[in-house]
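Engineer: Have a look at this one.
In the UniProt record's numbering, the protein residues as written are 1 to 38.
See below:
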């Protein structure tokens with residue numbers, strides 16, 4: 001049951017994490033510095 005949960009719920013997240021890492025930081029760095037403050 002644990003393996004089924006992992007393979008169905010956790011492992012698929014790795015694909016979106018990989019895409020986020022490969023997309024770079026250009027979109028984040030395009031924000032003005034003032035937008036980083038709360």
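Every residue gets a Cβ at the ideal spot worked out from N, C-alpha and C, and that includes glycine. None of these values were measured; they are calculated from a predicted model.
1) Tell me where the alpha helix (DSSP H) around residue 16 begins and ends.
2) Span of the alpha helix (DSSP H) holding residue 4?
3) What is the residue span of the alpha helix (DSSP H) that residue 35 lies within?
Structural biologist: Answer, in terms of the structure:
1) For residue 16, the enclosing alpha helix (DSSP H) covers residues 13 to 22.
2) Counting along the chain, the alpha helix (DSSP H) containing residue 4 begins and ends at 2 to 5.
3) Looking at the DSSP string, residue 35 is not in any alpha helix (DSSP H), and its letter there is neither H nor E.
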